[in-house]
Amino acid sequence: MNQPIIFVIDDDVQVLRAITRDLKNKFRQEYRVLSTSSAKEILGSLLELKNKGETVAMFISDQRMPEMQGVDFLTQAMEFYDDAKKVLLTAYSDTDAAIKAINTVKLDYYLTKPWDPPEEKLYPVLDDLLDDWQNSFHPEFKGIKLVGYQFSPKSHEIKEFLSGNLIPYQWLDANSEDAHQLMQLNNIEAKDLPAIFFEDGKLLLSPKIIDVARHIGLNPEAKNEIYDVVIIGAGPAGLAASVYGSSEGLKTLLIERKAPGGQAGTSSRIENYLGFPTGLSGSDLTKRAITQSKRFGTDFLSPQTVKSIELQDNYKKIILEDDSSIMTKSIVITTGVDYRQLSTPGIEKFTGAGVYYGAANTEALACKSKDVFIVGGGNSAGQAAMYLSKFARQVTILIRKDSLSYTMSSYLIDQIKSVHNITVCILSEVVEARGNERLEQLVIKQVETGETHTVDAAALYIFIGAKPYTEWLHGLVITNNKGFIETGRDLNLCENFHKAWKLERDPYLLETSCPGIFAAGDVRAGAMNRVASAVGEGSMAISFVHKYLAEI
704 MNQPIIFVID DDVQVLRAIT RDLKNKFRQE YRVLSTSSAK EILGSLLELK NKGETVAMFI
764 SDQRMPEMQG VDFLTQAMEF YDDAKKVLLT AYSDTDAAIK AINTVKLDYY LTKPWDPPEE
824 KLYPVLDDLL DDWQNSFHPE FKGIKLVGYQ FSPKSHEIKE FLSGNLIPYQ WLDANSEDAH
884 QLMQLNNIEA KDLPAIFFED GKLLLSPKII DVARHIGLNP EAKNEIYDVV IIGAGPAGLA
944 ASVYGSSEGL KTLLIERKAP GGQAGTSSRI ENYLGFPTGL SGSDLTKRAI TQSKRFGTDF
1004 LSPQTVKSIE LQDNYKKIIL EDDSSIMTKS IVITTGVDYR QLSTPGIEKF TGAGVYYGAA
1064 NTEALACKSK DVFIVGGGNS AGQAAMYLSK FARQVTILIR KDSLSYTMSS YLIDQIKSVH
1124 NITVCILSEV VEARGNERLE QLVIKQVETG ETHTVDAAAL YIFIGAKPYT EWLHGLVITN
1184 NKGFIETGRD LNLCENFHKA WKLERDPYLL ETSCPGIFAA GDVRAGAMNR VASAVGEGSM
1244 AISFVHKYLA EI
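Take 704 as the starting number for the sequence shown in the working numbering and just add one per residue.
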């Protein structure tokens, strides 16, 4: 973290040089001493420093300056840094103005010139003031700051993108004092939100995700003209494929439309993954895998959506959402699944404003001491309940069946039973979501009796199964009646396979009905829907890629 700043302003160059020298001799180990003869120059830079998250500990200003008086300068500087200590340099004849400034700008001290020797007349005074400042000082967050309204879908989208890509950021609710100051200083209106401040001081208002991605250093454009293998989807299967592909010398590209990790990446705790007896978070697993993949040389394209795939002889042409294209010899599809949407009245209206699909760990703090509900009885729902129970007053799991044992692992059921603020409501379903600008109430129906009752709800998290993300393929490869991609031997049972397959050999184990295009992980028909199996399939797919590349 950068050192706090001591600003010195005096239009007399000789005086400025002398006090800057004395200050640096004493305080350079703990503070940056910056000096200028122009008060307007400093005022012009304070907004940028504030947006960057820089800290000012003290302003030391001469009183008599041609551009403006020292008291006027301090008054304007306090709009940016009202906690900074304020010291006025005065000639003996200006002491009356300094005394008045104690009341008008809450001046902390005034020093008369000259201050020799500094060991007696300068350092003791400033030491006391800086010690007092340090006692109440809270370090400014250095990094991205996001200002918005808690129940804004656009704010939620950006928060999910940043956290999903493991980018640290500070969330400032628009109603907070810090957010209000930033909005006022930058002339930001409510209609401009969300606003994102980057560490370099750049500001974006109501930005598109692609613009945020460019500024944080993600690559929305491919580096090479042609690849050996392109992996579409950066869940556990895609990450494993990228590690093995690049480590084995293939020119590898990994494309992700949202954030790496897939659904596993949003999990608060994965407890049954081999080699981690105490479990690990999805974000931790994702971070390790991304680091490993990039270290081996994988190109990572994110956020970017694949719109379609075209075949050109032995090459595959990948068409991106912006109509740019990428040529590759082979493809591994690891796009995984999306959460199924709940069609209950009111759910769509409040999605991102109290209703969330998946874990939505970014919104957990907003649930502090409130009542939240979870729809779904799988492991993802159980892990979310355990995590949210640390924040919420009460977590209620709603399931249509009479027990969690049908769909949830026993270790999770045992954990849930041991947490006092988690309740499981069996044979129950949500039939309506209500509220004004955000979710406020849920109408819950008992499946057997049909009776309904209304409850207050701060948030609803939905885990009702998943559907494969395959619509973008437009029938290029054979899928089953649920949209999952058929691969390997199972293709022989598909009606149209023999019309589509023109090679003499049978498809490889993870190969689709289109030679050179493979599928792994949850998007594949018959997948085990476990992180470990997805990692195994992703790495295994690369061995078949090698065989295919040897053929062409």
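Ideal Cβ positions, reconstructed from N, Cα and C, are used throughout, including at glycine.
Rounded C-alpha distance that separates residue i from residue j
i: PRO910; j: LYS1104; result: 42 Å
i: ILE847; j: LEU1176; result: 36 Å
i: ALA1235; j: ALA1160; result: 35 Å
i: ALA1088; j: SER1112; result: 14 Å
i: ALA1253; j: GLN1044; result: 43 Å
i: LEU792; j: LYS755; result: 28 Å
i: PHE999; j: VAL946; result: 7 Å
i: TYR813; j: ASP765; result: 10 Å
i: GLU733; j: GLU757; result: 14 Å
i: ASP830; j: VAL759; result: 15 Å
i: GLY938; j: MET1231; result: 14 Å
i: HIS1249; j: LEU1213; result: 13 Å
i: ALA882; j: GLU782; result: 14 Å
i: LYS1120; j: ARG735; result: 55 Å
i: GLY985; j: LYS1010; result: 27 Å
i: LYS803; j: ASP811; result: 12 Å
i: ARG720; j: ASP819; result: 14 Å
i: ILE899; j: GLU951; result: 40 Å
i: VAL1158; j: LYS1019; result: 53 Å
i: LYS894; j: ASP1193; result: 54 Å
i: HIS841; j: ALA794; result: 34 Å
i: TYR1042; j: GLN966; result: 9 Å
i: ALA742; j: VAL718; result: 15 Å
i: THR1001; j: LEU749; result: 41 Å
i: ASN1017; j: PHE979; result: 42 Å
i: VAL711; j: PRO827; result: 17 Å
i: TYR784; j: THR723; result: 21 Å
CB contact flag (residue i, residue j, <8 Å)
i: LEU1262; j: ILE891; result: Residue 1262 lies beyond the range of the chain shown here (704 to 1255); nothing can be said about it.
i: VAL1134; j: THR1054; result: no
i: ILE1077; j: VAL1098; result: yes
i: ALA1136; j: GLY1049; result: yes
i: LEU983; j: ILE993; result: no
i: ILE1188; j: THR1215; result: yes
i: VAL1226; j: GLY1039; result: yes
i: GLY1191; j: TYR1211; result: yes
i: LEU896; j: GLY851; result: yes
i: ALA1237; j: ALA940; result: yes
i: ILE1034; j: ILE1116; result: no
i: PHE854; j: ILE912; result: no
Closest residue to residue i among the options (Cα-Cα distance)
i: LEU1068; options: GLY1085, ALA1095 and THR1215; result: ALA1095
i: ASN927; options: LEU956, GLY938 and ARG917; result: LEU956
i: ASP931; options: ARG972, ILE1220 and ASN1232; result: ILE1220
i: LEU1101; options: GLN1149, GLY1057, LYS1093 and TYR1042; result: GLN1149
i: ALA787; options: ILE708, VAL1238, THR1008 and TYR872; result: ILE708
i: ASP834; options: MET761, ILE1188, ALA1084 and TYR1172; result: MET761
i: VAL716; options: ARG731, LYS729 and MET768; result: MET768
i: ILE1342; options: ILE1021, GLU1151 and ASP1225; result: The question about residue 1342 has no answer, for the chain in this structure spans 704 to 1255.
i: ALA1162; options: PRO1210, LEU1091 and ILE1119; result: LEU1091
i: LYS1185; options: ALA1237, PRO1218, GLY1229 and LEU1115; result: GLY1229
i: ALA1084; options: TYR1109, VAL1158, VAL1040 and ILE1167; result: ILE1167
i: TYR1164; options: GLY851, VAL1238, VAL1075 and THR1157; result: VAL1075
i: GLY1079; options: LYS1052, ASP1117, GLU1132 and GLY1039; result: GLU1132
i: GLY968; options: LYS824, ALA925, GLN1086 and PRO980; result: GLN1086
i: GLU1024; options: GLN873, ILE1036 and PRO1006; result: PRO1006
i: SER1106; options: GLN1118, LYS1093, GLU902 and LEU1130; result: LEU1130
i: GLU770; options: ASP713, LYS729 and GLY1239; result: ASP713
The alpha helix (DSSP H) enclosing residue i, as first and last residue numbers
i: MET771; result: MET771 -> no alpha helix (DSSP H), and no H or E assigned at all.
i: ILE912; result: 912 to 918
i: PRO856; result: 856 to 867
i: LEU908; result: From DSSP, LEU908 is part of no alpha helix (DSSP H) but of the beta strand (DSSP E) over 906 to 908.
i: VAL933; result: VAL933 -> not in any alpha helix (DSSP H); beta strand (DSSP E) instead, spanning 929 to 935.
i: SER950; result: 939 to 950
i: GLY1085; result: 1082 to 1091
i: LYS1185; result: It is not in any alpha helix (DSSP H) - LYS1185 carries neither H nor E in the DSSP assignment.
Residue i at chain D interface by Cβ criterion, 8 Å
i: LEU956; result: Of the protein chains in the structure, only one exists, and it is not chain D.
For residue i, the first and last residue of its enclosing beta strand (DSSP E)
i: LEU792; result: 788 to 793
i: GLY1229; result: No beta strand (DSSP E) contains GLY1229, which DSSP labels as neither H nor E.
i: ARG998; result: ARG998 -> not in any beta strand (DSSP E); alpha helix (DSSP H) instead, spanning 985 to 998.
i: ASP1074; result: 1074 to 1078
Validate contact between the segment 1056 to 1068 and the segment 954 to 962 using beta carbons, cut 8 Å, 3 pairs:
no
Query raised in the report: Would you say the segment 1138 to 1148 touches the segment 1112 to 1126, given that touching needs at least three Cβ pairs under 8 Å?
Result: no
Counting Cβ pairs closer than 8 Å, one from the segment 1238 to 1250 and one from the segment 1195 to 1203, do we hit at least three? no
- Message: Quick check: the segment 980 to 990 against the segment 1016 to 1036, are at least 3 beta-carbon pairs closer than 8 Å?
- Response: no
(message) Count Cβ pairs between the segment 865 to 880 and the segment 912 to 924 that sit closer than 8 Å; are there 3 or more?
(response) yes
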